[in-house]
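**Q** Per numbering that gives the first Met the number 0, the very first residue in the sequence shown carries number 0; after that it's consecutive.
Quick reminder that beta carbons are idealized off the backbone N, C-alpha and C, glycines included.
Quick caveat, the model's predicted, so the values are computed rather than measured.
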Amino acid sequence: MSERTTADALAELVAAIGSAAFPVRFLDALRVLGAVELCSVFRRTRRGVELLFAEGSTPAQPDFPLAASRDYARAHWRSDAQMLRARGTNPLIVRRSASDIADPAYRAACYERAGVIERLSILWPDLIASGYRTVAVGAFAAHDVSRIETHAALLYAALAQHLRANAATGFLFDEDALVEKLLGLECRLSAREAEVAAGLMLGETQEGIAQARLLSPTTIVTYRRRAYGKLGVANRRDLVALHRRLIAAPNLAQH
């Protein structure tokens with residue numbers, strides 16, 4: 000990859016700070032630096048990790064990055080010993096392949112379901128940025144790791160500034176907070192419609208939403224259709240785009 004291409008990707012990342020385009024630009028930067036296909040960013044907390052954003056898609060599992068990252072933040076980080084590392088001031092680059100993971104539930108949810116073969120993470124004291132490669136691209140090469148490590152300081156600076164710029168809005172990956180946000184829109188969603196829409200925005204399946212709320216799949220489809228109509232969206236992609244708009248515009252009052 001040329002230095003000009005790298006410089007352009009990093010410049011676009013900096014220009015996107017504080018906007019809804021930042022997650023896409025962050026993935027673009029990692030893709031230029033190390034052929035990363037998917038990415039996720041977490042904040043370390045005293046209780047574990049908090050998902051800030053996930054970006055990318057795979058043909059078979061378009062919602063995989065968000066769904067897998069939410070599963071990781073909820074439970075699977077406990078099976079990841081690398082989370083306990085990087086307590087100094089300098090970033091630490093760590094790699095983990097699917098074959099290294101002993102926990103079958105963690106391996107299936109965060110790797111195998113989308114054919115992820117390896118993860119490369121930048122661990123800072125307060126943040127974690129991970130890039131993923133699938134079997135279609137293969138494992139990271141030494142020069143990929145070196146390029147990402149060389150630019151780790153800039154990536155962190157952009158992330159930190161983006162977090163400060165969005166501190167007042169939050170990232171709306173908390174389902175209860177997202178439901179409240181949806182109920183505050185002028186489209187007059189019912190509570191159930193908002194719950195279903197929020198779950199779908201956050202990568203849950205209709206089957207999972209039905210099981211969690213002890214409702215039939217048919218009922219969930221009905222709530223989904225009503226929510227889509229009121230929100231003015233036609234499909235899951237439009238719904239995800241609306242989620243990004245809610246993140247970027249805290250005072251959004253209508254669709």
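(1) Just how far apart, CA to CA, sit Leu-32 and Leu-50?
(2) So, is Leu-119 buried or exposed, given that buried needs 16 or more other C-beta atoms within 10 angstroms?
(3) What residues in its chain sit with their C-beta under 6 Å from that of Ala-113, if we drop five residues either side in the sequence?
(4) Can you list, in chain order, the residues of its chain with a C-beta nearer than 8 Å to that of Asp-143? Leave out the 5 residues immediately preceding and following it.
(5) So, under 8 Å CB-CB, Tyr-285 and Glu-36 are touching, yes? Tell me the CB distance rounded to an integer number of Å.
(6) Do Leu-26 and Leu-201 come within 8 Å of each other at the CB atom, strictly closer than that value?
(7) Helix, strand or coil for Thr-204, going by three-state DSSP, please let me know.
(8) Mapping DSSP to helix, strand and coil, what is Gly-47?
(9) On a CA-only basis, which of Cys-38, Arg-45, Arg-95 is nearest Ala-53? Give me that one, please.
(10) Just to confirm before moving on: does the CB-CB distance between Ala-97 and Glu-111 stay below 8 Å?
(11) Within the chosen definition, does the stretch 171–182 reach the stretch 142–160 through at least 3 CB pairs nearer than 8 Å?
(12) Quick check on Ala-164 - is its C-beta less than 8 Å from some C-beta in chain B?
(13) If we ignore side chains and look at the alpha-carbon of each, how far apart do Arg-24 and Thr-88 end up?
(14) Counting along the chain, where does the beta strand (DSSP E) carrying Arg-94 start and finish?
(15) According to DSSP, simplified to helix, strand and coil, what is Ile-121?
(16) Taking the CB atoms as reference points, tell me whether Phe-21 and Ala-72 lie closer together than 8 Å.
(17) Does the separation of the CB atoms of Ile-121 and Ala-138 fall below 8 Å?
(18) The beta strand (DSSP E) that contains Ala-176, what's its start and end?
(19) Assuming Arg-132 is part of the beta strand (DSSP E), what are its boundary residues?
(20) Quick check on the DSSP output: the alpha helix (DSSP H) that includes Cys-109 runs from which residue to which?
(21) Whole angstroms is fine: what's the gap from Asp-237's alpha carbon to Leu-199's?
(22) What residues in its chain sit with their C-beta under 6 Å from that of Glu-194, if we drop five residues either side in the sequence?
**A** On the basis of the supplied data:
(1) In the sequence shown, counting from the first residue as 1, residue 32 sits at position 33. In the sequence shown, counting from the first residue as 1, residue 50 sits at position 51. Roughly 23 Å separates the two Cα atoms.
(2) Counting from 1 along the sequence shown, the entry for residue 119 is found at position 120. Under this definition Leu-119 is a buried residue.
(3) One-based indexing of the sequence shown puts residue 113 at position 114. Taken in chain order, the residues that qualify are Thr-57, Gln-60, Phe-63.
(4) Counted from its first residue, the sequence shown places residue 143 at position 144. Excluding residues within five positions, the ones whose Cβ falls inside 8 Å are Leu-32, Gly-33, Ala-34, Leu-119.
(5) Absent from the structure is residue 285, since the part of the chain shown begins at 0 and ends at 254.
(6) Translated into positions along the sequence shown, residue 201 becomes position 202. Translated into positions along the sequence shown, residue 26 becomes position 27. Not closer than 8 Å, so no.
(7) To locate residue 204, count along the sequence shown from 1; it is residue 205. Note: Thr-204 maps to coil in three-state DSSP.
(8) For the purposes of this step, residue 47 is taken as the residue at position 48 of the sequence shown. Strand, per DSSP.
(9) Here residue 53 corresponds to residue number 54 of the sequence shown, with the count starting at 1. Here the closest residue by C-alpha is Cys-38.
(10) Along the sequence shown, one-based indexing puts residue 97 at 98. Along the sequence shown, one-based indexing puts residue 111 at 112. Contact flag set, yes.
(11) no
(12) In the displayed structure, chain B is absent; only one protein chain is listed.
(13) In the sequence shown, counting from the first residue as 1, residue 24 sits at position 25. In the sequence shown, counting from the first residue as 1, residue 88 sits at position 89. The straight-line gap from Cα to Cα measures roughly 25 Å.
(14) To locate residue 94, count along the sequence shown from 1; it is residue 95. Residues 91–96.
(15) Numbered from its first residue, the sequence shown carries residue 121 at position 122. DSSP places Ile-121 in strand when its eight states are reduced to three.
(16) Residue numbering aside, residue 21 sits at position 22 when the sequence shown is read from its first letter. Residue numbering aside, residue 72 sits at position 73 when the sequence shown is read from its first letter. No.
(17) For this step, residue 121 is matched to residue 122 along the sequence shown. For this step, residue 138 is matched to residue 139 along the sequence shown. Their beta carbons are not under 8 Å apart, which means Ile-121 does not touch Ala-138 by this criterion.
(18) Residue 176 sits at position 177 when you count from the first residue of the sequence shown. Note, Ala-176: premise wrong, no beta strand (DSSP E); alpha helix (DSSP H) at 174–182.
(19) Position 133 of the sequence shown, counted from the start, is the residue given in the question as residue 132. Taken as a continuous stretch (DSSP letters only), the beta strand (DSSP E) holding Arg-132 covers 126–133.
(20) Within the sequence shown, residue 109 is the residue found at index 110, counting from 1. Unbroken alpha helix (DSSP H) run through Cys-109: 103–109.
(21) By 1-based counting over the sequence shown, the position of residue 237 is 238. By 1-based counting over the sequence shown, the position of residue 199 is 200. In a straight line, the C-alpha of Asp-237 is about 11 Å away from that of Leu-199.
(22) Here the question's residue 194 lines up with position 195 in the sequence shown. Same-chain partners within the cutoff: Val-178.
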